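Asks: Going by the numbering used here, the sequence shown opens with residue 1, and the numbers climb by one from there. Note that CB positions come from ideal geometry on N, CA and C, so glycine has one too. The structure displayed is predicted, hence computed values, not measured ones. Structure provided below as structure tokens; questions to follow.
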Amino acid sequence: MNVEDIPVPAMAAIRVSKEGKSALFETTIIQTTDNKYIYTMPVRVDNKLVNFEAKGLLKEIKIEFAPFEFYEWRNISIIRFVEDGKSYLRIRTTTPGIRAMAWSDKPVTTAKKKKQNIIKEEALEVVNAAQAVQANKEAEGEKS
């Protein structure tokens, strides 16, 4: 699929990966040009702009052309630019998009939720460890 064939506006998701970890961010396509540039709204998490310009990230975008019809562009580059005082993303691709399935990951909408989940997981691990210790004590008590 060619960039010039992307419907405008269109829902899209940007996935960034590094060292086996990935995050998904939703955005909206607002313009395309000369078959290699895709322009989108900026991505914000907790009202802060997400920076996609870090080194070593694998970046890809998946665009919804119609319900359950997605195309994906891999190895894209993303830069943020400002025009008329507003931020936008310019995505550059050198390859055509390929037909794809929707990503199963949930998009990142807040960093706070992630921290809460980590705390919850840590608390659950502590509870499980305490229960295991208690079960071992009870098992040893039954043996005596």
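Exposed or buried, K62, counting other C-beta atoms within 10 Å across all chains shown (16 or more means buried)?
Replies: It counts as buried.
Asks: Under 8 Å: do the segment 15-26 and the segment 84-91 share three or more Cβ pairs, one atom per stretch?
Replies: Segments in contact, no.
Asks: For Y71, count the other beta carbons within 10 Å of its own beta carbon; 16 or more makes it buried, fewer makes it exposed. Which is it?
Replies: Under this definition Y71 is a buried residue.
Asks: Specify the secondary structure class of K137 as computed by DSSP and reduced to three states.
Replies: Helix, per DSSP.
Asks: Using DSSP's beta-bridge definition, name the partner residues of A10.
Replies: In DSSP, A10 forms a bridge with I29.
Asks: Whole angstroms is fine: what's the gap from K86's alpha carbon to D46's?
Replies: Approximately 18 Å, taken between the alpha carbons.
Asks: Return the CA-CA distance between K18 and V127, expressed in angstroms with no decimal places.
Replies: Going from the Cα of K18 to the Cα of V127 covers about 32 Å.
Asks: Counting C-beta neighbours from all protein chains within 10 Å, is the total for E60 16 or more, i.e. buried, or is it exposed?
Replies: Flag for E60 reads buried.
Asks: Would you check if the distance between the CB atom of V16 and the CB atom of L57 is smaller than 7 Å?
Replies: Yes, they are a contact pair.
Asks: I98: which of N136, F65 and Q31 sits nearest, CA to CA?
Replies: The candidate whose alpha carbon is nearest that of I98 is F65.
Asks: Where does L89 fall in DSSP's three states?
Replies: Strand at L89.
Asks: Whose CA, out of G141, A13 and S104, lies closest to the CA of I76?
Replies: The option with the nearest alpha carbon to I76 is A13.
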